[in-house]
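In order, the protein sequence lines correspond to chains L and W.
Taking my numbering, the leading residue of the first sequence gets 963, the next gets one more, and so forth.
Taking my numbering, the leading residue of the second sequence gets 3, the next gets one more, and so forth.
Ideal Cβ positions, reconstructed from N, Cα and C, are used throughout, including at glycine.
What you are looking at is a predicted structure, and each value in this text was computed from that prediction instead of being measured.
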Amino acid sequence: MLEIIDKEKISEIVNRIENEKEVSFITKDDKSTYEFENKMPEKIGKNLVDTNSFDNDVKDISNIAQELLKGI
Amino acid sequence: MYDVNWDYIQEIMKRYVTVANQEFGLIITTAEQEEVTNKILEHYIDHCTEYRVFVNSTDPFKFTAWMGLFFYHDIKKKSAKRQQYLVIAVAMMIKFLKDNNRNIDIKFAQKLLKMTIYDKDTNKDYLAIGKNGLYMAFRSANMVKIDENI
């Protein structure tokens, strides 16, 4: 079983960097006019958090990676 | 409050680590995942500050492009297979494009890879694109729209 970084650790890293740099990673104010430019594209985000898509994603990414390796 | 973003980051990392291990036999420890997450998020915040970008969600192209480059140039720089760390990141970004009903020619993606590798591995870095260029290439591909008025 592969070990993956947990969400609490990610949150901890973000909090540390935010404190050090005195800036927020995620804008907490309403900046809706900027949303289009910066938000996670809906289809990509939906796929990422869909647990059923994981195995297919791994297979697709592996196949693409093998194709890429043929030409470099 | 913004947990969904940590979900995105974790899921991107999970796919990357799984492909690296299952397809290429590469081991990425949780300590290395933490180290790369640190580097990416520090760069992410510097980028946002410099360009006055307001972020309300994780950009999968930024995170993945910079992850591939930090593994390739820093964390796994002594690995004989380090090129594969970059290849997986580019493959993931092509997959993101496909998830968003877009695609990129594989030969063009191979050229992007070569131009990224030129960044620090040759004495011809003036011919390279670097980590920000790699991210912008894929992000732009994802943003392109057909203008019906032309």
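inquiry  = Quick check: is the beta carbon of S142/W nearer than 8 Å to any beta carbon in chain L?
reply    = Stepping through the second sequence from its first residue, residue 142/W is reached at position 140. Output row for S142/W: interface = no.
request  = Could you tell me whether the segment 22–29 of chain W touches the segment 81–99 of chain W, where touching means 3 or more Cβ pairs closer than 8 Å?
outcome  = Yes, the segment 22–29 of chain W is in contact with the segment 81–99 of chain W.
query = How close, in whole Å, do the beta carbons of D127/W and Y120/W come, if the pair is a contact with beta carbons under 8 Å?
reply = Here residue 127/W refers to the residue found at position 125 when the second sequence is read from its first residue. Here residue 120/W refers to the residue found at position 118 when the second sequence is read from its first residue. About 6 Å; that satisfies the 8 Å criterion.
key: Cut-off 6 Å between Cβ atoms - residues of its own chain near M94/W, not counting five sequence neighbours on either side   = By one-based count along the second sequence, residue 94/W stands at place 92. Once the five neighbours on either side are set aside, the close Cβ partners of M94/W are T66.
query = Leaving out five residues before and five after Y996/L in sequence, what residues of the same chain have Cβ atoms less than 7 Å from its Cβ?
reply = Stepping through the first sequence from its first residue, residue 996/L is reached at position 34. With a pLDDT of 49 at Y996/L, under the threshold of 50, the modelled position of this residue cannot be trusted, and the question is left open.
ask   = How about I967/L and E150/W: do their beta carbons lie closer than 8 Å?
value = Counting from one through the first sequence, the residue named residue 967/L turns up at place 5. Counting from one through the second sequence, the residue named residue 150/W turns up at place 148. By the CB criterion at 8 Å, I967/L and E150/W fall outside the cutoff.
query = On the three-state DSSP scale, how would you describe Y996/L?
reply = Working through the first sequence from its first residue, we reach residue 996/L at position 34. Summary for Y996/L: the model assigns pLDDT 49, below 50, so the residue's position carries little reliability; its value from the coordinates is reported in the next sentence. Judged by DSSP in its simplified three-state form, Y996/L adopts helix.
ask   = Residues of chain W with a CB under 8 Å from the CB of M963/L: which are they?
value = Along the first sequence, read from residue 1 onward, the residue named residue 963/L stands at position 1. None at all; the shortest Cβ gap to chain W is about 11 Å.
ask   = Got a sec? Which residues, its chain only, sit under 6 Å from A139/W by beta carbon, not counting five neighbours each side?
value = For the purposes of this step, residue 139/W is identified with residue 137 of the second sequence, where counting begins at 1. L114, listed in sequence order.
query = Excluding the five sequence neighbours on either side, which residues of its own chain have a C-beta within less than 6 Å of the C-beta of G132/W, listed in chain order?
reply = Counted from its first residue, the second sequence places residue 132/W at position 130. Once the five neighbours on either side are set aside, the close Cβ partners of G132/W are D121.
query = Can P62/W and Y10/W be called in contact, C-beta distance under 8 Å?
reply = Taking the second sequence and counting its residues from 1, one reaches residue 62/W at position 60. Taking the second sequence and counting its residues from 1, one reaches residue 10/W at position 8. At a Cβ-Cβ threshold of 8 Å, P62/W and Y10/W count as neighbours.
task = Tell me, please, whether the CB atom of N977/L is closer than 8 Å to any CB atom in chain W?
result = Along the first sequence, one-based indexing puts residue 977/L at 15. N977/L does not count as touching chain W.
message = Taking the straight line between their C-alpha atoms, what separation do you get for M153/W and I106/W?
response = This structure gives no information on residue 153/W, because the portion of chain W shown stretches from 3 to 152.
message = Below 8 Å on the Cβ atoms is my contact criterion, and I expect N58/W with I988/L to pass it. Report the Cβ-Cβ distance as a whole number of Å.
response = Indexing the second sequence from 1 puts residue 58/W at position 56. Indexing the first sequence from 1 puts residue 988/L at position 26. Their Cβ separation, rounded to whole angstroms, is 6 Å, which keeps N58/W and I988/L in contact under 8 Å.
ask   = To the nearest whole angstrom, what separates the beta carbons of L43/W and I979/L, a pair I think is in contact under 8 Å?
value = As a first step, residue 43/W must be located in the second sequence, where it is residue number 41. As a first step, residue 979/L must be located in the first sequence, where it is residue number 17. With a Cβ gap of about 5 Å, L43/W and I979/L count as contacting.
task = Can you tell me which of the three DSSP states P62/W falls into?
result = Residue mapping note: residue 62/W aligns to position 60 of the second sequence, counting from 1. Here P62/W carries a helix assignment [DSSP, helix/strand/coil].
ask   = Can the beta-carbon of V985/L be found less than 8 Å from the beta-carbon of T60/W?
value = Your numbering for residue 985/L matches position 23 in the first sequence. Your numbering for residue 60/W matches position 58 in the second sequence. If you check the CB distance, V985/L and T60/W do not come in under 8 Å.
message = Which residues in chain L have a C-beta closer than 7 Å to the C-beta of T124/W? List them in chain order.
response = In the second sequence, counting from the first residue as 1, residue 124/W sits at position 122. Taking a Cβ-Cβ threshold of 7 Å, none of the residues of chain L is close to T124/W; the smallest such distance is about 14 Å.
message = Restricting to Cα atoms, I'd like to know which of W8/W, K80/W, F56/W, M15/W is closest to D1019/L.
response = Residue mapping note: residue 1019/L aligns to position 57 of the first sequence, counting from 1. Of the candidates W8/W, K80/W, F56/W, M15/W, the one whose C-alpha sits nearest the C-alpha of D1019/L is M15/W.
request  = Quick one: grab the DSSP three-state call for L114/W.
outcome  = As a position in the second sequence, residue 114/W is number 112, starting the count at 1. Secondary structure at L114/W: helix, using DSSP grouped into helix, strand and coil.
message = Taking 8 Å as the threshold (C-beta atoms), are Q112/W and I1034/L in contact?
response = One-based indexing of the first sequence puts residue 1034/L at position 72. One-based indexing of the second sequence puts residue 112/W at position 110. Result yes, Cβ atoms of I1034/L and Q112/W sit closer than 8 Å.
key: Best match in N981/L, E982/L, P1003/L for proximity to N7/W [C-alpha to C-alpha]   = Locating residue 7/W in the second sequence gives position 5, where the first residue counts as 1. Here the closest residue by C-alpha is P1003/L.
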